[in-house]
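Worksheet: the structure to be examined is printed underneath.
Numbering (the working numbering), first residue to last: 20 to 322.
This is the structure:
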C-alpha cells in the first residue's frame, strides 16, 4: 500500500539524516567473515567506516565490573593489536569492552563497536564520549533497528556478531556465568579461535577465564600469543602502511641496535627494566623492525 511505502521512505530519510547507513547481505561491503556463520543478519546498521568490516579483526571481551588488572591488560592488548594494524572488536559495554576500544583508539588504530540496541541509543550512557570517538575513528554496527532499547535478551544475540566478525576472541576477565563465556562458546561454534587471559586465583573474574583455559582455550600473556596462533603475518610493508607510531623507548632501542646487542646490554644502556624491554622487543620483531639472532642477540632491520 502507498502508506506503507511512504512510511518506509520516511524511515529511510530519518536513518540517513542520522548518518546511519544500511548494509545488506548481498553487498560486497557486508563482512565476509559474518557470511560464514549459521545465522548472519540480513542487514546491518552502520555508523563510521564500512571498510573496517572486512579487515583482520580480533575481539576482546570480558567483565563489566573488571579489576584494575583486567582493565590494564585489555587496554594493552588492544593497543598492541591496533599497532599491528589489526582491528579490535568489542561490545562497547562498561569495563573490559570500554578498555579494549580505548586501547585501540590510543594507538590511532581501528576498532568496531557492536551494539545490543539501535544505533541512536548510547548504552551505557557513561560511554557517550567513547561512542562518539569509535564512530569518528572506527565503526559502530547493530542489527537492531533504530529505537530498539538495550533489552537483556539482545546481548547474547549481539555476541554472535562480535565473534562472527573476528578471527579470534580474547576473554580477559569473566565470571563463570557471563556473557563473555557465551561469546566464547559462539566463537567455537563458528570455528573461531578462543583465547583467555589468566588472572589471580582468588579473583572471582578469573574463574571464567581459567575454566576456558582448562577446556582448551589458548592462554594469552601478550599480543604475540594471539598473533602467532592465528598466523597473522604482519610484514614490514604493512607496518609501514599502518604508520606505526613508535614510543620513545622503542625509538631508543632502535637507535642502539645498528650492531647486535644482548637484552641485558640494551637494559643497561637504556636503564630500563628487562621484562618491559623484552615485551617491547617482541612487538618490534612482529613489526619487522628488529630481528632476533641466535644466542638471544637483537639487531634492527633497516626497512
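Positions of the beta carbon are idealized from the N, C-alpha and C atoms, including for glycine.
**OP:** Output the residue ranges of the beta strand (DSSP E) runs that lie fully inside the segment 67-155 and measure 3 residues or longer, sorted by chain position.
**Re:** 76-80, 106-109 and 130-133
Original post:
Looking at residue 122 and residue 84, is the spacing between their C-beta atoms short of 9 Å?
Top reply: no
Original post:
Using the C-alpha atoms, what's the distance from residue 134 back to residue 52?
Top reply: 18 Å
Original post:
When DSSP builds the beta bridges, which residues end up paired with residue 238?
Top reply: 215
Original post:
With burial defined as no fewer than 16 other Cβ atoms inside 10 Å of the residue's Cβ, what is the status of residue 2: buried or exposed?
Top reply: The question about residue 2 has no answer, for the chain in this structure spans 20 to 322.
Original post:
In chain order, what residues of the same chain have a beta carbon less than 6 Å from the beta carbon of residue 24, not counting five sequence neighbours either side?
Top reply: none
Original post:
Does the segment 153-170 come close enough to the segment 69-78 to have 3 or more Cβ pairs within less than 8 Å?
Top reply: yes
Original post:
What is the DSSP secondary structure of residue 198, counted as helix, strand or coil?
Top reply: helix
Original post:
For the beta strand (DSSP E) that contains residue 319, what are its first and last residues?
Top reply: 316-319
Subject >> Three-way DSSP call (helix, strand, coil) for residue 44 in this model >> reply: coil
**OP:** For the segment 237-247 and the segment 213-222, state whether three or more C-beta atom pairs, one from each stretch, are separated by less than 8 Å.
**Re:** yes
Subject >> Enclosing alpha helix (DSSP H) for residue 183 [first to last residue] >> reply: 173-183
Original post:
Do residue 76 and residue 105 have their CB atoms nearer than 9 Å?
Top reply: yes
Original post:
Is residue 269 closer than 9 Å to residue 227 when the C-beta atoms are compared?
Top reply: no
Original post:
Exposed or buried, residue 239, counting other C-beta atoms within 10 Å across all chains shown (16 or more means buried)?
Top reply: buried
Subject >> Contacts around residue 38, its chain only, beta-carbon distance under 7 Å, and the 5 residues preceding and following it disregarded >> reply: 66
Original post:
Can you tell which of 251, 248 and 189 has its C-alpha closest to the C-alpha of residue 96?
Top reply: 189
Original post:
Tell me which same chain residues have a C-beta within less than 7 Å of the C-beta of residue 219, skipping the five on either side of it?
Top reply: 225
**OP:** Measure the C-alpha to C-alpha separation of residue 209 and residue 169 and round it to an integer number of angstroms.
**Re:** 25 Å
Original post:
Do you know how far the Cα of residue 107 is from the Cα of residue 128?
Top reply: 8 Å
Original post:
Could you give the distance in angstroms between the alpha-carbon of residue 180 and the alpha-carbon of residue 59?
Top reply: 8 Å
Original post:
Looking at the structure shown, is residue 230 part of a helix, part of a strand, or coil, going by DSSP?
Top reply: helix
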